[in-house]
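Scroll down for the structure; my scribbles are underneath it.
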Amino acid sequence: MKRFGNFMDSFGAILLAVIWISPLLFAFWAATHSTSDAVNLRLFSPWTMDNFIVAWNGAPWLKYFINTFSLVTVILIGQFILVTLAGFAFAQLQFPGKDFVFILVLMQLFILPEVLIVENYAMVSRLGLFDTILGVGMPYMASAFGIFLMRQAFKGVPIELHEAARIEGCGLLGILWRVYVPLAKPTYLAYALVSVSTHWNNFLWPLIVTNSPETRPLTVGLSIFGAPENGVDISVISAATLMSVAPLLIAFLIFQRQFVQAFLRAGIK
Amino acid sequence: MTTGPFVAIKDVAKRWNGQLGVEGITLDIPEGSFTALLGPSGCGKSTTLRLLAGLELPDEGKIFIDGKDVTTSAASDRNLSMVFQSYALFPHLSVAENVVFGLKVRRVPKLERQKKLHRALEITGLLGYEDRKPGELSGGQRQRVALARAIVAGQRLCLMDEPLSNLDAKLRNSVRKDIKKLQRDLGITVVYVTHDQTEAMSMADTVVLMKDGHIQQVGPPEELYNKPNNTFVAEFVGAPAMALISSDGLSGFEAGQRLGIRAENIQIVPKGEGRLTCTITESEFLGSETLIGLDHAHATGLCVLKSGMALMPEGDTIDITFTDEHLHVFDASGQRIATQT
Ligand SMILES: Nc1ncnc2c1ncn2[C@@H]1O[C@H](COP(=O)(O)OP(=O)(O)OP(=O)(O)O)[C@@H](O)[C@H]1O
Ligand SMILES: [Mg+2]
């Protein structure tokens with residue numbers, strides 16, 4: 001009975017893994033073969049790199065890469081600053097209405113970001129940030145999830161360390177910077193992982209607030225590149241898709257171990 | 001320079017939502033002295049220390065350090081250092097970084113920092129451990145890092161909250177001596193919290209005994225031992241503690257009074273010659289002597305010491321005697337009455 005259970009566990013896990021990876025495998029297959037070979041699944045057809053060359057020359061990918069990269073960086077920096085300060089305030093400071101404000105922040109978790117798209121659009125336009133990287137990133141900086149995560153992490157720091165730092169002459173921000181932030185490093189790493197992968201893949205919002213190749217991130221660029229009216233075939237699209245996910249994928253493969261450990265240490269299992 | 005005491009606590013009280021922390025704490029601490037705050041768990045020792053450190057602010061009263069009113073000053077402005085029970089070492093910093101943490105915060109130049117670090121590590125015997133993380137040290141070594149951090153800046157006042165309670169008995173004895181020596185050599189003022197009376201008695205110049213948020217007695221160890229203010233002090237100080245006999249059990253005392261007597265002043269005498277007849281409840285061999293616990297209807301904590309290994313059968317009755325000059329007399333409310341001789 002127990003062995004059967006184990007077998008089902010492994011079987012389920014393998015099945016899920018196969019389902020999850022098959023689109024990626026197919027994209028890889030399609031990108032490395034000519035279109036007709038790819039769709040007919042001719043297993044022994046010759047490999048080719050032509051699709052990548054065609055795809056690369058079909059759009060300003062380098063610009064898109066830089067845009068996506070700056071976008072996730074800007075968001076991450078903004079998030080780190082806001083989430084650190086807000087998380088610290090909720091974890092360690094006393095102020096009137098604290099619990100109420102915290103519940104307000106948490107309620108943001110229950111609202112789908114898509115619901116806010118119109119309001120955000122109006123806001124970004126009013127700020128004059130339409131079609132800028134900062135404008136794309138702005139609505140995501142005050143992340144409720146991040147604030148909650150950092151609050152939990154900061155609450156786990158022993159109060160004696162806070163007090164010891166106070167006696168050694170630290171001010172409030174000094175304590176935050178010298179004690180809380182370094183101790184929450186695993187949480188920052190785990191959060192960065194979630195944030196970067198989310199915003200690397202974010203599509204709808206950037207599609208709406210960007211309208212020039214100067215600011216367009218990879219996801220939007222890819223969808224325009226692959227739109228039916230552009231008449232691009234499946235192999236070239238696969239090649240383009242692989243190119244856009246490659247940096248993230250490679251980074252994850254290299255840092256797999258650290259990421260898993262970061263998650264374990266951050267206590268989100 | 002001021003002529004008053006280095007640290008003065010004047011009628012300080014601290015409550016949490018009406019719940020008592022400490023009350024009516026008045027204490028003068030001279031510079032260069034070693035003061036121990038002693039008392040059972042929950043009596044307000046840590047609270048008193050934290051009020052002094054500025055980690056809590058008092059509801060009433062005033063606190064002066066070095067002649068300056070620091071009642072509402074921030075902890076960082078009080079120029080003192082503190083050793084925590086859990087040591088409170090920063091786990092992400094190495095030993096060296098932990099020790100110079102405060103110097104760095106206060107922007108002491110690097111060269112001076114290094115000099116002070118070297119000296120502090122030398123004094124605490126930690127040279128060679130500079131680059132270890134606290135997690136890679138033994139409990140005793142961590143304790144010494146905490147000490148090094150407390151002395152590195154040369155603050156004149158150092159507060160310690162049960163710094164030895166996480167060490168094993170043997171280590172505790174040796175670190176006790178080290179701390180005492182350190183305090184003498186550096187001439188610093190130490191306020192030391194402990195619930196262990198041997199620790200307080202052996203280290204302190206002045207012992208402050210507390211109970212339920214109030215100070216019971218302040219004085220040098222021998223005064224607490226020889227002239228306890230009340231029955232609480234009598235029963236807390238000394239190992240074994242003082243036995244208390246109600247006046248019903250002895251002739252020549254007023255009703256309601258209680259008489260204290262220490263084990264070393266009690267002698268066993270042949271049957272019929274003693275002042276009390278007691279039953280033996282236990283014999284405990286302590287090494288150089290044997291502690292014999294006694295039971296008597298009108299007494300609590302009665303025991304007698306016999307030298308060497310001298311176990312006595314439980315349940316036997318023996319007679320004991322003592323002289324009046326060794327008796328401490330307490331009135332019905334437990335306060336000491338000056339001995340009448
Ligand atoms: N932050 C707080 N909030 C509410 N009550 C507190 C707080 N800190 C201490 N107290 C109360 O104040 C009293 C004194 O506590 P304190 O920590 O000073 O005791 P202590 O003598 O140090 O005891 P121990 O030997 O167990 O450490 C206790 O009754 C405790 O419950
Ligand atoms: Mg305490």
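As they're listed, the protein sequences go chains S and P. Reminder that position 266 of the first sequence reads as 266 in our numbering, one-by-one numbering, no gaps. Reminder that position 309 of the second sequence reads as 309 in our numbering, one-by-one numbering, no gaps. Ideal Cβ positions, reconstructed from N, Cα and C, are used throughout, including at glycine.
Fully enclosed by the stretch 228-253 of chain P, which alpha helix (DSSP H) runs are 4 residues long or longer? Qualifying alpha helix (DSSP H) stretches, in chain order: 231-236.
Let me see if you follow: with CB-CB separation under 8 Å, is S:Ala192 close to chain P or not? Indexing the first sequence from 1 puts residue 192 of chain S at position 192. By this cut-off, S:Ala192 is not an interface position.
Is P:Val208 close to ligand 2? I mean its beta-carbon at under 7 Å from any heavy atom of the ligand. Translated into positions along the second sequence, residue 208 of chain P becomes position 208. False, no ligand heavy atom lies under 7 Å from that Cβ.
Listed by chain order, which residues have C-beta atoms less than 5 Å from any heavy atom of ligand 1? Having a Cβ closer than 5 Å to some heavy atom of ligand 1 are P:Trp16, P:Gly21, P:Ser41, P:Gly42, P:Cys43, P:Gly44, P:Lys45, P:Ser46, P:Thr47 and P:His195.
Which residues does DSSP pair with P:Asp28 in a beta bridge? Along the second sequence, read from residue 1 onward, the residue named residue 28 of chain P stands at position 28. The partner list for P:Asp28 (beta bridge, DSSP) reads P:Ala8.
Beta-carbon of S:Val232 versus every beta-carbon of chain P: anything under 8 Å? Walking along the first sequence from the start, residue 232 of chain S turns up at place 232. Chain P places no beta carbon closer than 8 Å to that of S:Val232, leaving this residue out of the contacts.
From the DSSP output, in three-state form, read off P:Gly34 for me. Counted from its first residue, the second sequence places residue 34 of chain P at position 34. For clarity, residue 34 of chain P is Phe in the given sequence; the question names Gly instead. Of the three classes helix, strand and coil, the one that applies to P:Phe34 here is strand, per DSSP.
Secondary structure at S:Gly128, three-state DSSP: helix, strand or coil? Indexing the first sequence from 1 puts residue 128 of chain S at position 128. S:Gly128: coil per DSSP, three-state reduction.
Determine the chain S residues that contact P:Ser81 at a beta-carbon separation under 7 Å, and present them in chain order. In the second sequence, counting from the first residue as 1, residue 81 of chain P sits at position 81. Under the 7 Å cutoff, chain S gives Ile167.
Kindly list, in the order they appear in chain S, the residues whose Cβ is closer than 8 Å to that of P:His92. Position 92 of the second sequence, counting from 1, holds the residue named residue 92 of chain P. Per Cβ cutoff of 8 Å: Pro182, Leu183 and Lys185.
Which one or two residues does DSSP pair with P:Ala299 in a beta bridge? Position 299 of the second sequence, counting from 1, holds the residue named residue 299 of chain P. DSSP, once it has assigned bridges, lists P:Ile245 and P:His296 as partnering P:Ala299.
Candidates P:Gly252, P:Gly139, P:Leu305 and P:Val99: closest to P:Gly154 by CA position: Here the question's residue 154 of chain P lines up with position 154 in the second sequence. Comparing Cα-Cα distances from P:Gly154 to each of P:Gly252, P:Gly139, P:Leu305 and P:Val99, the minimum goes to P:Val99.
6 Å CB neighbourhood of P:Met160 in its chain, flanking five on each side removed: Position 160 of the second sequence, counting from 1, holds the residue named residue 160 of chain P. Cβ within range, chain order: Val83 and Tyr192.
According to DSSP, what are the bridge partners of P:Val83? Taking the second sequence and counting its residues from 1, the one referred to as residue 83 of chain P is at position 83. Bridge partners of P:Val83: P:Met160.
Go through its chain and collect everything with a Cβ distance to S:Ala142's Cβ below 6 Å, but skip five positions before and after it. Position 142 of the first sequence holds residue 142 of chain S. Excluding sequence neighbours, S:Ala142 sits near Leu82.
Going along the stretch 135-166 of chain P in order, which residues come within less than 7 Å of chain S, judged by CB to CB distance? Residues: none.
Answer yes or no: does any C-beta atom of chain P fall closer than 8 Å to that of S:Ala164? Sequence index remark: in the first sequence, residue 164 of chain S carries index 164 (1-based). Under the Cβ distance rule, S:Ala164 counts among the residues neighbouring chain P, one pair being separated by less than 8 Å.
Check whether the Cβ of P:Glu56 sits closer than 7 Å to any heavy atom of ligand 2, and report yes or no. One-based indexing of the second sequence puts residue 56 of chain P at position 56. No.
Is P:Asp212 a contact residue of ligand 2, with contact defined as CB to any heavy atom under 7 Å? Along the second sequence, read from residue 1 onward, the residue named residue 212 of chain P stands at position 212. It does not: the Cβ of P:Asp212 is nowhere closer than 7 Å to a heavy atom of ligand 2.
Cβ-based contacts, 9 Å cut-off: residues of the stretch 72-98 of chain S near chain P: Contact annotation: in the stretch 72-98 of chain S, no residue has its CB less than 9 Å from a CB in chain P.
So who's on the other strand from P:Phe285, going by DSSP bridges? As a position in the second sequence, residue 285 of chain P is number 285, starting the count at 1. Per DSSP, P:Thr290.
In the DSSP assignment, what residue or residues form a beta bridge with P:Ser307? Residue numbering aside, residue 307 of chain P sits at position 307 when the second sequence is read from its first letter. For P:Ser307, which the question treats as bridged, DSSP gives the partners P:Glu289.
Would you say the beta carbon of P:Val193 is closer than 7 Å to some non-hydrogen atom of ligand 2? Mapped onto the second sequence, residue 193 of chain P falls at position 193. The answer is yes for P:Val193.
Outcome for S:Trp205 when other beta-carbon atoms lying within 10 angstroms are tallied against a minimum of 16: The count along the first sequence starts at 1 and reaches residue 205 of chain S at position 205. It counts as buried.
Would you mind telling me which residues of chain S sit closer than 8 Å to P:Ser86, beta carbon to beta carbon, in chain order? As a first step, residue 86 of chain P is located in the second sequence; it is residue number 86 there, counting from the start. Going along chain S in sequence order, the residues near P:Ser86 (Cβ under 8 Å) are Pro158 and Glu160.
Do S:Asp233 and S:Thr35 count as a contact pair if the criterion is CB distance below 8 Å? Position 35 of the first sequence, counting from 1, holds the residue named residue 35 of chain S. Position 233 of the first sequence, counting from 1, holds the residue named residue 233 of chain S. Judged by their CB atoms, S:Thr35 and S:Asp233 are nearer to each other than the 8 Å cut-off.
In three-state DSSP terms, what is S:Lys2? Here residue 2 of chain S refers to the residue found at position 2 of the first sequence. DSSP places S:Lys2 in helix when its eight states are reduced to three.
According to DSSP, is P:Thr2 part of a helix, a strand, or is it coil? Mapped onto the second sequence, residue 2 of chain P falls at position 2. Unreliable positioning characterises P:Thr2 in this predicted model, as indicated by a pLDDT of 48, which lies under 50. The coordinate reading is nonetheless provided below. Here P:Thr2 sits in coil by DSSP.
Beta carbon of P:Ser246 nearer than 8 Å to that of P:His298: The count along the second sequence starts at 1 and reaches residue 246 of chain P at position 246. The count along the second sequence starts at 1 and reaches residue 298 of chain P at position 298. Yes, they are a contact pair.
Answer with yes or no whether the minimum CB distance from S:Gly336 to chain P is below 8 Å. There is simply no residue 336 of chain S to check, as chain S begins at 1 and stops at 269 in what is shown.
Proximity winner among S:Leu253, S:Ile14, S:Phe80 and S:Leu71, relative to S:Met150 (alpha-carbon distances): By one-based count along the first sequence, residue 150 of chain S stands at place 150. For S:Met150, the nearest C-alpha among the options comes from S:Phe80.
Nearest-angstrom Cα distance between S:Gln258 and S:Pro186? Walking along the first sequence from the start, residue 258 of chain S turns up at place 258. Walking along the first sequence from the start, residue 186 of chain S turns up at place 186. C-alpha separation (whole angstroms): 9 Å.
Which residues of chain S have a Cβ atom closer than 8 Å to the Cβ of P:Ser76, listed in chain order? Numbered from 1 along the second sequence, position 76 holds the residue referred to as residue 76 of chain P. Chain S residues near P:Ser76: Arg166, Ile167, Glu168, Gly169, Cys170 and Gly171.
What residues of chain S sit near P:Gly102, judged by a beta carbon separation below 7 Å? As a working mapping, residue 102 of chain P is identified with position 102 in the second sequence. Glu168 and Gly169, listed in chain order.
Here's the rule: buried if 16 or more other CB atoms are within 10 angstroms of the residue's CB, otherwise exposed. What is S:Asn67? As a position in the first sequence, residue 67 of chain S is number 67, starting the count at 1. Burial call: buried.
Assigned exposure category for P:Glu254 - 16 Cβ within 10 Å defines buried: As a first step, residue 254 of chain P is located in the second sequence; it is residue number 254 there, counting from the start. Flag for P:Glu254 reads exposed.
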